[in-house]
Amino acid sequence: MSRKLVSSKEASKIIKDGMRVAVGGLTIHRKPMSLIHEVLRSGTKGLRVLTLGGGPDVDLLVAAGAVEGVEAAYVGFEILGFAPNFRKAAETGRIKFTEHTEYSIMAGLQATAFEAEFIPSKLLMGTDILKALGYKIFDSPITGEPLVAYPRIVPDVTLIHAQRADQYGNAQVEGVTAIDLLLAKASKKVILSAEKIVTTDEIMKVPSMTNLPSTFVDAVVECRYGAHPTSCYPYYTYDLWHMISYLESAKTGKIDEYLRRYITGLDSFESYLDEVGEESRKKIEMQR
Amino acid sequence: MSRKLVSSKEASKIIKDGMRVAVGGLTIHRKPMSLIHEVLRSGTKGLRVLTLGGGPDVDLLVAAGAVEGVEAAYVGFEILGFAPNFRKAAETGRIKFTEHTEYSIMAGLQATAFEAEFIPSKLLMGTDILKALGYKIFDSPITGEPLVAYPRIVPDVTLIHAQRADQYGNAQVEGVTAIDLLLAKASKKVILSAEKIVTTDEIMKVPSMTNLPSTFVDAVVECRYGAHPTSCYPYYTYDLWHMISYLESAKTGKIDEYLRRYITGLDSFESYLDEVGEESRKKIEMQR
Amino acid sequence: MNSYTPDEMMIVCMARELQNNDIAAQGLTTPMALVAYYLAKATHAPQATIMQLAGNILVHIDEPRRISILYNEFRAMEKAVHQGTQTEVYETLFKRTDSIIEFFRPAQIDKYGNSNNSLIGKDDAKIRLPGGFGIPDVSPLYPRTVYYVPRHERRVFVERVDYLGGLGVEAKAAKTRRQIRVVTNLGVFKVDADFGSMRVHSIHPGVSPEQIKENTGFEIPIPRGILETTPPTDEEIGLIREKIDPLNIRQLEILSGEERTKTLLELLEKELAEKP
Amino acid sequence: MNSYTPDEMMIVCMARELQNNDIAAQGLTTPMALVAYYLAKATHAPQATIMQLAGNILVHIDEPRRISILYNEFRAMEKAVHQGTQTEVYETLFKRTDSIIEFFRPAQIDKYGNSNNSLIGKDDAKIRLPGGFGIPDVSPLYPRTVYYVPRHERRVFVERVDYLGGLGVEAKAAKTRRQIRVVTNLGVFKVDADFGSMRVHSIHPGVSPEQIKENTGFEIPIPRGILETTPPTDEEIGLIREKIDPLNIRQLEILSGEERTKTLLELLEKELAEKP
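Heads up: the protein sequence lines correspond to chains A, B, C and D, in order.
For what it's worth, this note's numbering labels the leading residue of the first sequence as 18, then goes sequentially.
For what it's worth, this note's numbering labels the leading residue of the second sequence as 18, then goes sequentially.
For what it's worth, this note's numbering labels the leading residue of the third sequence as 576, then goes sequentially.
For what it's worth, this note's numbering labels the leading residue of the fourth sequence as 576, then goes sequentially.
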């Protein structure tokens, strides 16, 4: 195993204009926000973002104009409602939104990971979602019945935030695990940020907790509060207050101000955390 | 969750003549031997046995005449060599052996588990193994290239031995995990034996160690040394001495004697363990 | 007691759909669904299995749990017996299709039981919704599909959904004879393959047939002498208010606009004060 | 030192095939393969990753480990950083195809690099072998496939395998330009797509070209002045004998019949005496 620990700035160099970038986590849970901030600061453009359920990750990327297309089964802030910047951009056609379902994303990734050329299934047949995806329908060579051919999905890079990892990228993901492991298997490259970098001895204590092994990881970054304002069980819950103020800024046309104040006007995610303030972090902190 | 704890005798009633029975574990690792003994004592016939890598499980089932067909990617005793009864029966045509590879088994099970109608892949094209499997080759609806259609595999029952489980069947499998979880997903029924039945509180201590959840399990049986003479990390290693004497009995035409002495002539797996003797168990014991 | 709110009536109706050996899957942002699962488990369905947080956390509950906004994931993990992946959630749904119960909240539902959480409006003036997530995948597979609509309105109950997401009883992909239930603040409705379009199953006490007709965007037959929904029992109300949702988080599914934001902030402060 | 056994020569050759960032996958019953992995890791490939026990246990090794018969799985789990499933093993092989190294032991291998662990004999008189396990799946995918044959004999090195399992360089399914290596007790051999059939890469010290020709069941060109295999270094021999395999478990791959059983039983007693 080789050491893969780098700075988030270094890691983000893997991401180039126009790439298909997959994002782990789910909606407001364990999104790799520090990596997203790094992408925004790097000025990368024309990304095609793919995620199972998008939240502040997708909305920010769209708000900052880094995105050309979004593929997801859901984009929203769960209990807080719509993702305002994403929604506007999708409605006006500024970005191309490809609506997936959980299955259509997982099937495409599974095909890639398992060396299948596609996944043939009856699911979604008859829906407008399948129609819009434009996936081919063909006759089963076994039964003759019509089937959907779910083509391979191959992200160029996947961004994942894990609870802990060692310097080689042996990572433990807890709570809402979503499709992070599957994304890692199907992606050409994987950038992992971890709330804590721990020793390999620590990882070895319960090897079955390592659900994202180093064999699928290309770069590792340490970042405390790296999922903020989304949650990172067991360390902190989501900062709904911050997200409410973010949504308010979008509503009142002040999203550029938000971006400058919290992301593009700063030099690092640490500065963002300072700007958010210790009191806010205290509110959501659950375990050190 | 419903309580599923029954006796192995009760559980084995799920298995009927002619069924396709899948067996977990790998070669001489964590084979559900107490359940295999129960099948042999019940006199069930004409089974079609499927396993990734067979060892004493397959060899015993074949020796006792319970089996009509075997599907596996490997059948042998690893460092101890050939599986003698299986080999003779396969060579003389007394059983139908279908040689799989790891991929052909996993692909068939994956298709079932993931609601795919089959798995289309280029793997194994050109091999005699694929020819003998008789799988269809068809043209990809996406690229036009020829692909193999790996059809669904749906075992009627799967037998698995886990290290520990609660009464609902939330099970933790450790060490060589093989394809047990995949078998459980693809099978109509799952009978689980566990080295230890523990409280659900015990299971909840590290939920990510539960790699075989109760949702896939239909019956649970407690059985200490339930994998003997195969291994069950971390509790005991394989009893190679017992397996060597088993192989010797096959070589010297005394397999019927072995079967009577250790299985069919006894009333339970506990009696088998008595017959094996405490000294033998002491040799292989690693942790209580 | 015998006094209850519309959301409590709904939750009780939803809970009743749960059978004892069912596997209940929780999707995104659905406090009412979770209250209903916990209620069923505390009453007639103690053996039901609950898969929380989009399903990947399998929890073991021996006594009524409290729902939460802030600590949702933490409370689930406290009682987790298994932590899987989203692929595995689907593999569970596929294997146990007949025992799965999942409460979906549609933005639109039509008389054939089709649902839509994708796009509202035809032609150019479209509203982009968050998305159907898993509904379009699995709804046609389930023998029983349950939708819930906290605000029964014409813009939700439409003649034909603007965009076909979750398929109704016309779906060819349907595996078995299907029954679709829709629980709303006015009553319980059903669509099955035999009859072909939505009918009333029962009307909640105090609701008139006219109210239903007025708020439904398609012709809905309401025969005389239609069943009245059995009201919540004191035990059910007690469990909801005292054990499962004492902070009244469930009301978030009914409120909208400023009022909702205000209530949400109040709820967050209350939860914060109780931080575990 | 400069005295070494044929199996040690082989192990050193195998170890040399491992590059520093490779992922080494261990299949079934292959003590020599494991010794070679550990040796490479202790010398020129400290960053290599090792996946043990049919690959599903990912181990972290910072100093040379001892191989074992009885405690194979236990020793791997002691140093495990990850415990996956067999599906995941394959997903790793598929994703990292270019970095995977896996030592296969064939029952037959032919001049085109095809291998067979399934059936020996044509027509009726067939011998059923344990099976190819994963070899037929993955061998045509790897840019580098390494076979090892502890007893270089005519019945192993055949003109055409009796049954096509692992595909050689003629395979259409091949993903990339492939190179197949075969390490035996006589030398190191290679098959690549350009030349099309097996050639000698190097001959072990003390082995004559005639010995190779006699023991190979097909025409094999041996040019004059062919490379002699670099013998093991003292460091390599020391690591094998003192650190990695002091009990000499590796000899089991060379012995056969009664002698092998006797040695095995002796080894088991020695291991038992050292039970952890």
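Each residue gets a CB set at the ideal place from its N, CA and C atoms; glycine is no exception.
- SER248 of chain B counts as buried, since no fewer than 16 other beta carbons sit within 10 angstroms of its beta carbon.
- Within the DSSP bridge table, the entry for ILE214 of chain A names A:ALA182 as partners.
- Between the alpha carbons of ASP809 of chain C and ARG65 of chain B lies a distance of about 55 Å.
- For SER297 of chain A, there is no enclosing beta strand (DSSP E); the enclosing alpha helix (DSSP H) covers residues 295 to 301.
- When C:PRO784, C:GLN683, C:LEU822 are compared, the shortest CA-CA separation from GLY741 of chain C is found for C:GLN683.
- Within the same chain, and ignoring the five residues on either side of ALA236 of chain B in sequence, the residues whose Cβ sits closer than 6 Å to its Cβ are LYS21, VAL23, ALA28, ILE208.
- Counting C-beta pairs with one atom in each stretch, the segment 639 to 647 of chain D and the segment 713 to 726 of chain D have fewer than three that are closer than 8 Å, which means they do not touch.
- Taking 7 Å as the Cβ-Cβ cut-off, the segment 623 to 645 of chain C approaches chain B at THR624, LEU633, HIS635, given in chain order.
- Three or more Cβ pairs drawn from the segment 223 to 238 of chain A and the segment 660 to 675 of chain D lie within less than 8 Å of each other, which places the two stretches in contact.
- For ALA599 of chain C, the enclosing beta strand (DSSP E) has its first and last residue at 598 to 600.
- Per DSSP, GLU817 of chain D is not a residue of any alpha helix (DSSP H), being assigned neither H nor E.
- Within the segment 593 to 668 of chain C, complete alpha helix (DSSP H) segments of at least 4 residues are found at 606 to 617, 647 to 653, given in chain order.
- Nearest to THR805 of chain C by C-alpha distance, out of C:HIS779, C:VAL744, C:PHE732, C:GLU817, is C:HIS779.
- Secondary-structure assignment with DSSP links PRO137 of chain B through a beta bridge to B:ALA166.
- At a cut-off of 7 Å between beta carbons, ARG703 of chain D contacts chain B.
- Per the DSSP secondary-structure output, ASP767 of chain C pairs in a beta bridge with C:GLN754.
- Counting along the chain, the unbroken alpha helix (DSSP H) around HIS259 of chain A starts and ends at 257 to 268.
- Look at ASP685 of chain C here: in three-state DSSP terms it is strand.
- Residue state for CYS588 of chain D is assigned as helix, using DSSP reduced to three classes.
- Using a CB distance cut-off of 7 Å, SER204 of chain A does not count as an interface residue toward chain B.
- Under DSSP, the beta-bridge partners assigned to ALA39 of chain B are B:LEU67, B:THR175.
- The C-beta of LEU645 of chain C has 16 or more other C-beta atoms within 10 Å across all chains shown, which makes the residue buried.
- Secondary structure at ASN102 of chain A: helix, using DSSP grouped into helix, strand and coil.
- Distances from the CA of SER51 of chain B to each of B:VAL215, B:MET226, B:VAL238 were compared; the closest alpha carbon is that of B:VAL238.
- Around the CB of PHE770 of chain C, fewer than 16 other CB atoms lie within 10 Å, so the residue is classed as exposed.
- Taking the Cβ atoms as the reference, ASP712 of chain D lies roughly 6 Å from LEU141 of chain B, within the contact range of under 8 Å.
- Fewer than three beta-carbon pairs drawn from the segment 822 to 836 of chain D and the segment 617 to 634 of chain D are found closer than 8 Å, and the two stretches are therefore not classed as touching.
- Taking a contact as a CB-CB distance under 8 Å, the pair MET123 of chain B and LEU199 of chain B counts as one, their CB atoms being some 6 Å apart.
- When DSSP states are grouped into helix, strand and coil, HIS54 of chain A belongs to the helix group.
- Annotation: Cβ neighbours of ALA655 of chain D in chain A (cutoff 7 Å, chain order): MET221, PRO224.
- Distance check between GLU789 of chain C and each of C:ARG835, C:ILE801, C:TYR738, C:VAL731 places C:VAL731 closest, using alpha-carbon atoms only.
- The beta-carbon distance between SER297 of chain A and ASP256 of chain A, rounded to whole angstroms, is 6 Å. This is short enough to meet the 8 Å contact definition.
- Apart from the 5 residues on each side of it in sequence, VAL92 of chain B sits with its Cβ closer than 6 Å to the Cβ of GLY71, VAL75, ALA100, PHE103 in its chain, given in chain order.
- Shown here, ARG671 of chain C sits in coil according to DSSP, grouped into three states, outside any helix or strand.
- The beta carbon of PHE708 of chain D does not come within 7 Å of any beta carbon belonging to chain A, so the residue lies off that interface.
- One alpha carbon belongs to THR216 of chain B, the other to SER831 of chain C, and they sit about 44 Å apart.
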